[in-house]
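Down below is the structure, laid out as structure tokens.
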Amino acid sequence: MFITLEGPDGSGKSTIILGLIERLLSKKNNLKYVITREPGGRDIKEAEAIRKIILDGESNLSSKAEAMLYSASRRIHIDRVISPALKENKLVLCDRYIDSFYAYQGYARDLGIEWVKNITEMVIDDFVPNITIYLDINYEQSAHRRFVTRVITDRLDAESEEFHKKVIDGYKSIIKSDPNRFIVIDAWRSISEILDDIIKALFERKDFKEWWEQV
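So in full-length UniProt numbering, spot 98 of the sequence shown is number 98, and the numbers just go up one at a time.
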């Protein structure tokens with residue numbers, strides 16, 4: 001079972017992903033799982049090196065060069081982490097994946113959704129998430145969290161208001177085009193409330209329930 005978490009910067013993905021696995025382990029303490037992220041993939045030397053280049057505030061990358069780096073990192077991530085875990089029928093929880101690529105590169109960088117989707121199809125093969133949880137906040141909420149809570153900023157944090165608004169609009173278009181894959185959650189609430197809604201939504205889905213019952 002491959003579940004990704006998506007949302008604007010500051011939506012709380014890293015916090016929620018840890019809370020979600022705690023909730024699931026409380027229901028099934030022998031659950032086998034992997035928590036990972038993009039760009040990078042944690043403990044993957046090559047992918048993490050690419051992550052540093054992408055997020056380095058001094059990197060001078062064209063939009064297409066940046067997109068190709070993301071894609072190379074993603075393929076390494078699939079080969080080293082995602083594919084092996086899914087072959088073992090583990091739960092894979094990934095903080096950002098293809099929808100971030102579509103929203104940031106396709107929409108905010110103005111490369112076009114068809115251009116980024118064509119690259120993605122070549123890179124990921126059939127490794128499409130079963131479920132994507134979208135943590136929904138608006139631009140003002142995103143900006144508040146980014147500027148209040150972050151000690152270290154990166155190249156994406158330094159982008160303009162227009163850029164971040166394009167990201168959010170891009171996500172909305174992506175969700176509209178593939179609604180059955182997405183669980184949309186109001187993320188401007190307490191962690192407990194958000195997790196309650198995610199757990200409820202997961203166990204209402206036939207695909208998740210069937211997988212859960214046989215692991």
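Cβ coordinates follow ideal geometry from the N, Cα and C atoms, glycine included.
Exposed or buried, what is residue i when buried is set at 16 or more other beta-carbons lying within 10 Å of its beta-carbon?
i	result
residue 84	exposed
residue 26	exposed
residue 151	Note that residue 151 has pLDDT 49, beneath the 50 cutoff, so the model's placement of it is unreliable and the number below is only indicative. Residue 151 comes out exposed.
residue 166	buried
residue 40	buried
residue 218	The displayed coordinates of the chain run from 1 to 215. Any statement about residue 218 would go beyond what the structure contains.
Just to confirm the assignment, what range does the beta strand (DSSP E) spanning residue i have?
i	result
residue 127	Looking at the DSSP string, residue 127 is not in any beta strand (DSSP E), and its letter there is neither H nor E.
residue 186	182-186
Could you give the first and the last residue of the continuous alpha helix (DSSP H) run that contains residue i?
i	result
residue 81	Where residue 81 is concerned, there is no enclosing alpha helix (DSSP H), given that its DSSP letter is neither H nor E.
residue 48	45-55
residue 93	No alpha helix (DSSP H) contains residue 93, which is instead part of the beta strand (DSSP E) from 91-95.
residue 37	That residue, residue 37, is in no alpha helix (DSSP H); its beta strand (DSSP E) goes 33-37.
residue 162	161-177
residue 100	98-101
To the nearest whole angstrom, what separates the beta carbons of residue i and residue j, a pair I think is in contact under 8 Å?
i	j	result
residue 19	residue 191	6 Å
residue 95	residue 14	6 Å
residue 136	residue 184	5 Å
residue 99	residue 4	7 Å
residue 170	residue 108	6 Å
residue 102	residue 113	6 Å
residue 78	residue 127	5 Å
What does the alpha-carbon distance come out to for the pair residue i and residue j?
i	j	result
residue 177	residue 196	26 Å
residue 42	residue 48	7 Å
residue 82	residue 92	7 Å
residue 182	residue 209	16 Å
residue 87	residue 59	36 Å
residue 31	residue 142	33 Å
residue 124	residue 173	21 Å
residue 200	residue 24	11 Å
residue 75	residue 144	33 Å
Helix, strand or coil: which one does DSSP assign to residue i?
i	result
residue 136	strand
residue 145	helix
residue 151	Because the pLDDT at residue 151 is just 49, under 50, the model does not fix this residue reliably, and the value given afterwards should be weighed accordingly. In the structure shown, residue 151 sits in coil (DSSP, three-state: anything other than H, G, I, E or B).
residue 204	coil
residue 5	strand
residue 74	helix
residue 111	coil
residue 29	coil
residue 88	coil
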